[in-house]
Amino acid sequence: MINLLLFPILLPFFFAMILMLFPKRRYLQRVGALIALLTTLIASSFLLIKVKSDGIQAITLGSWPAPFGISMVSDMLSVLLVLSSTLIAIIVVWYSFTSIDKERESFFYYPAILFMLTGVNGAFTTGDIFNMFVFFEVLLMSSYLLIVLGGEKVQLRESIKYILVNVISSALFVVTVAYLYSVIGTLNMADIAVKIAQVNQPGIITVIAVLFLMVFGLKGAIFPLYFWLPSSYAAPPIPVLALFGALLTKVGVYAIMRTYTLFFTLDQSFTHELLMILSILTIISGSIGALAYFDVKKIIIYNIIIAVGVILFGASQMNTAALMGSVFYLIHDILIKGALFLLIGVIIAITGTSNLRKMGGLIKTYPMLGWTYLIAAFGLAGIPPLSGFIGKLLIVQGGFEEGNLWGSILILGSSLVVLLSVIRIFIYAFWGTPVEITPISKKHYHGLFLPALVLVGISVVYGIGSEWLVPYMEDAATTMLNPSHYIKAVLGGA
Amino acid sequence: MEIVMSFVIGFLFMAAVYLMLSKSLLRIIIGTGLLSHGAHLLILTMGGLDGSAPPIVSYGVTDYADPLPQALILTAIVISFGVTAFFLVVAYRSYQELETDNMNLMRGTEEND
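Chains C and B are the protein sequences, given in the same order. First residue of the first sequence: 299, per our numbering; consecutive thereafter. First residue of the second sequence: 9, per our numbering; consecutive thereafter.
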């Protein structure tokens, strides 16, 4: 059973390979993709139970002893992320059955999603820094395909910029790994943590820490490096946007959290201070963007940037409350961003536009959609019983404990901006005088709306049931605060 | 030897940045190629360039070349080859669709494709 942690990576990979053999059989593609994702979900649920009962799971491939072979490590943080990524992928695939056109479906759309999930789950699970680069490339390569699939003019134009930015960040990743290797002489993440502690983090390690922040910041969209994100993410169709918005930036955020809690823990007055300042600037710039646009896609996309800032602020505080809050908020954001993107997808499908000024009065014709959207919007802003509340509360509590009053107050203030930006969509699209819309069939509407409703339901349960989730989050935070647990699981008793 | 390589890598990065800042899409792609070459050479240099040690470990040999940088470089080359090929295809396709390879004309907004 020790191989269990490889299943969430291997299952989507094998199914994707099989699905590539018959791209034109659309129904088989759909069924195959669903089976792949459901088995992945079952495997990652088992893994969650295993990690909860037996502690961190680690395996070193090829039976090499730990620092030499490639290690795969599944601690609570990574298994929670794997589980929620798979969940989002299932919902998005279900939504795609209705939303994605025939041409895309018969040109490797589902295999691309499965390959991307392979890369995402792999990046969450790997315990080897170069292997993380490889999994990043796996998920990026499939994301290139997903963003350009369809070949519309906007997509081609934006995918060129997207590819260029990611090629540069990948080259920087290789450079950073090379520097790290030359200083530390190992690539195994647990071993790196040990060796960095031994050399007592000289200046060059701090330089490498900042380089890592740049590399992962480009993927995770932190302050000066988020410029490419809004227009690139707006180009592909809604399900792809939901998948990207929910998962891809989170991989960058996870990588920052992992490296900054495991490797670079000795010079926190510089590295974590920098991370905190950048995360605050990220929140501010995201807030400005979220209020500036009248395009529903852009508003939610800028909300991704705000969320990245909030999570990283929690990660930069390095105490139990803030790290627990970060994990809570990370999972919450994966769920709620997916739900919101799918909901605005329904709105766009009904009204035929993404411009708020051309919408209005939908509450009369689609009341259920309106109220579901309102719940999701409240959840995003963190109105108490819903899912965003507990994470933000813990992050702010952690911020106060560390004495960062202004940062914490700013996060509270940003909740209001978030609420305003999403309620604007509610006011413009659902209130006001109804505008002429071409009605879409009931079947089409339900095909789009049901997955979104289920996802909002899950996020509500996640919020209300947070009491039961606390042990899991505490476990994740404890591992991040005590790298020795992680190191011991990988390298054994040494 | 490391010093010479550092200059070569620096030059490659400089040329890559220069090319990527130009307007023509093809030059940008060549720039990304040079950038990845620079990164690969950097990995090789970081492993140490002492050419005397044998590459094979057998019993009794204590001084051998580090096998890891080559493995890393091979992986990175394959990946950047794939990405460059894909990038070229996307560039050609968008040249056909958008009828330009000038990045200034590809700015575009929501209303103006």
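Positions of the beta carbon are idealized from the N, C-alpha and C atoms, including for glycine.
If you follow the alpha helix (DSSP H) that valine 733 (chain C) is in, where does it begin and where does it stop?
Taken as a continuous stretch (DSSP letters only), valine 733 (chain C) belongs to no alpha helix (DSSP H), as it is neither H nor E.
Take phenylalanine 471 (chain C) and list the residues in its own chain whose beta-carbon comes closer than 8 Å to its own, dropping the five residues that flank it on each side.
Short of 8 Å from the beta carbon of phenylalanine 471 (chain C), and not among the five residues preceding or following it, lie these beta carbons of its own chain, in chain order: Phe431, Phe434, Val513.
Hey, out of C:Thr559, C:Phe561, C:Ile604, whose CA is closest to leucine 579 (chain C)'s CA?
C:Ile604
Within 10 angstroms of the Cβ of phenylalanine 542 (chain C), are there 16 or more other Cβ atoms? Answer buried if so, exposed if not.
buried
In three-state DSSP terms, what is glutamine 104 (chain B)?
helix
For chain B, is any of its Cβ atoms less than 9 Å away from the one on leucine 454 (chain C)?
yes
Which chain C residues are close to threonine 83 (chain B), counting only those with a beta carbon under 7 Å from its beta carbon?
Under a criterion of Cβ atoms nearer than 7 Å, the residues of chain C adjacent to threonine 83 (chain B) are, in order, Val432.
Once you ignore the five residues that flank leucine 52 (chain B) on each side, which residues in its own chain have a CB closer than 7 Å to its CB?
Pro77, Ile81
Below 8 Å on the Cβ atoms is my guess for glycine 763 (chain C) versus lysine 690 (chain C); work out the distance and round it to an integer in Å.
With a Cβ gap of about 17 Å, glycine 763 (chain C) and lysine 690 (chain C) do not count as contacting.
Looking at the unbroken beta strand (DSSP E) that takes in alanine 356 (chain C), where does it start and where does it end?
355–358
Measure the beta-carbon distance from valine 694 (chain C) to serine 712 (chain C) and round it to whole angstroms, keeping in mind my assumption that it falls under 8 Å.
That pair is no contact at about 11 Å.
Are the C-beta of alanine 792 (chain C) and some C-beta of chain B separated by less than 9 Å?
Confidence in alanine 792 (chain C) is poor, its pLDDT being 48 and thus under 50, which makes the residue's placement unreliable; the coordinate value appears in the next sentence. It does not: the Cβ of alanine 792 (chain C) has no partner Cβ on chain B nearer than 9 Å.
What residues in its chain sit with their C-beta under 6 Å from that of valine 452 (chain C), if we drop five residues either side in the sequence?
Same-chain partners within the cutoff: Ala533.
So, does the CB of leucine 789 (chain C) fall closer than 9 Å to a CB anywhere in chain B?
Interface residue (Cβ-Cβ distance to chain B less than 9 Å): leucine 789 (chain C) is not classified as such.
Assuming alanine 488 (chain C) contacts valine 644 (chain C) under a Cβ cut-off of 8 Å, what Cβ separation, rounded to an integer in Å, is found between them?
About 45 Å separates the two Cβ atoms, so there is no contact after all.
Please name the residue or residues paired with threonine 474 (chain C) in a DSSP beta bridge.
Beta-bridge pairing links threonine 474 (chain C) to no other residue.
If we count the other Cβ atoms within 10 Å of its Cβ and call it buried at 16 or more, is tyrosine 600 (chain C) buried or exposed?
buried
Taking only the alpha-carbon atoms, compute the straight-line gap between methionine 299 (chain C) and serine 342 (chain C) and give it to the nearest angstrom.
Confidence at methionine 299 (chain C) is low in this model, with a pLDDT of 44, below 50, so the placement of that residue should be treated as unreliable; the coordinate-derived value is given next. Looking at the two C-alpha atoms, the distance is approximately 13 Å.
Under 9 Å, Cβ to Cβ, is there at least one residue of chain C near isoleucine 11 (chain B)?
no
Take the Cβ of proline 409 (chain C) as the centre, count every other Cβ of all protein chains shown within 10 Å, and call the residue buried at 16 or more, exposed below.
buried
Can you tell me whether DSSP reads asparagine 110 (chain B) as helix, strand or coil?
strand
By DSSP, does valine 69 (chain B) sit in helix, in strand, or in coil?
coil
Run through DSSP, which three-state label would serine 404 (chain C) get?
coil
For phenylalanine 561 (chain C), tell me which candidate among C:Glu450, C:Leu640, C:Gln496, C:Glu765 has the shortest Cα-Cα distance.
C:Gln496
Determine, using beta carbons only, whether serine 468 (chain C) comes closer than 9 Å to chain B.
Under the Cβ distance rule, serine 468 (chain C) counts among the residues neighbouring chain B, one pair being separated by less than 9 Å.
Going by the beta-carbon positions, is the gap between alanine 544 (chain C) and isoleucine 688 (chain C) smaller than 9 Å?
If you check the CB distance, alanine 544 (chain C) and isoleucine 688 (chain C) do not come in under 9 Å.
Of all Cβ atoms in chain B, is any one closer than 9 Å to the Cβ of alanine 476 (chain C)?
yes
At the level of alpha carbons, what is the spacing between serine 567 (chain C) and serine 372 (chain C)?
29 Å
When you compare only the Cα positions, how much space is there between valine 418 (chain C) and threonine 731 (chain C)?
43 Å
For my contact list, tyrosine 784 (chain C) and leucine 378 (chain C) are in at a C-beta cut-off of 8 Å; report their separation, rounded to the angstrom.
Contact flag wrong, Cβ pair sits at about 15 Å.
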